[in-house]
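A short worksheet on the structure shown next.
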Amino acid sequence: MFDLADVYHAYQVIRTHGIPDENIIVMHYDDLADHKSNPTPGIVVNKINGTDVYKTPYQVPKHYTKADVTPENFLALLRGDEELEKKGKKVVKSGPNDRIFVYLDDHGGHETVAFPSSVLHAKDLNDNLKAMHKDNKYKELVFYLAACYAGSMFYKDLPADINAYALAGTRPDELGWFSNCGPSKYNTCLYDLAVAFAIMWLNDTDSHDLNKEVLNDQYEYLKSRGDIENQHAQQYGDLTIAKEHVIKYVDELNSLLNGRKLMDKQIEEYVNELPAIDANIALNGKLELNNRDCYRKLVDTFNDNCYTFGQNTYGIQKQHIFVNICEQMRDSSDADIAVNRLIQHCDRNVMKTNNII
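Last residue of the sequence shown: 357 (UniProt numbering), numbering continuous.
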């Protein structure tokens, strides 16, 4: 039962750090909240005296539940399988500039992780990650696995050259128990070491400044815990990724979305500064491009003085605004005014960086 509770806690951690639901996929059997053995129906906790992680502060979504919780669906959703998406299921829609964080928590065996009706094999998992890398599905991928024998899923098969980093809760040959006795109503005392790993990294993420903490700090924290001396966290794959800040994986998307909102605001302010232009048409219209000289000037000026399109591809979606501006021009001098206003506006308001928006 603690496996599901930790997945719910992980969801709350990620949501609390600003990642919106549209960029999160949750797979869980969803029988815990109302399970007959749960002494607090509808409420799920993952530590003694803990808060409800099932719906506080956010209700856990049900993207994949019951019979949909399979290794095949897990691998397919990671690689953005189109056939699965056609069935109405949510999949990862990623590209070469994206960072992906995966957290898997379940019972483990030698080179296997248990799913409700079948098992995920190490070879299938690593082949899937290799294929994702080959298909440019990510820039970097971080995989946290909480399971007994977790290291066996990666130690032979995860290459160091596919920009993937794995943190496993146990050695390849490690099985043990961690004691955490709670109130009698929960009827819980012993649970597996993988759960201890899960709870500790989640608590660590809750309590630290993720702008300062790097992934390796979490590994060292788990490795140093004296109260789980029979469990030894392991690292695999591209260990250079472990030097990066946790915030890149937990909060990078929020920064991306904020950057896009800022660009929207700056463009809207610029449009409202232009004389003799209907701002609503400029921002929302779909005029046909005829004034190509004007359009080229504005596009090149925006690229050179505001946001480089190659590094801030969201800006490409805004080029229609320049079409709508140019098609409202009454004479050629209006284009020069628009260009000069754009240069001045970006000089005042835009900090040009290489960050991709």
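Virtual Cβ for every residue (Gly too), placed ideally from N, Cα, C.
- Beta-bridge partners of V102 (DSSP): F143.
- By the criterion of a C-beta distance shorter than 6 Å, V102 is surrounded in its chain by F143, once the five residues flanking it on both sides are discounted.
- Counting only the Cα atoms, Y270 lies some 55 Å from P116.
- Secondary structure in the segment 62-141: the alpha helix (DSSP H) runs of 4 residues or longer, each lying completely within the stretch, are 71-78, 82-86 and 122-134 in chain order.
- Residue pairing by DSSP puts G237 in a beta bridge opposite Y165.
- Short of 7 Å from the beta carbon of Q319, and not among the five residues preceding or following it, lie these beta carbons of its own chain, in chain order: V299.
- Here M263 carries a helix assignment [DSSP, helix/strand/coil].
- DSSP, reduced to helix, strand and coil, places H320 within a helical segment of the structure shown.
- Put simply, of I343, N340 and Y11 the residue whose alpha carbon is nearest the alpha carbon of E22 is Y11.
- Nearest C-alpha to I100 among G109, K137, L158 and Y307: K137.
- Sequence-distant partners of L283 (beyond 5 residues in either direction) whose C-beta falls short of 7 Å from its own C-beta, in its chain, are E268, V271 and I321.
- Taking a C-beta distance under 8 Å as the contact criterion, V323 and L287 qualify as a contact pair.
- Beyond the five residues adjoining it in sequence on each side, R171 comes within less than 7 Å, by CB distance, of G151, H232 and Q234 in the same chain, given in chain order.
- The Cβ-Cβ distance between V339 and T301 falls below 8 Å.
- Using a Cβ distance threshold of 8 Å, G109 and L145 do not count as a contacting pair.
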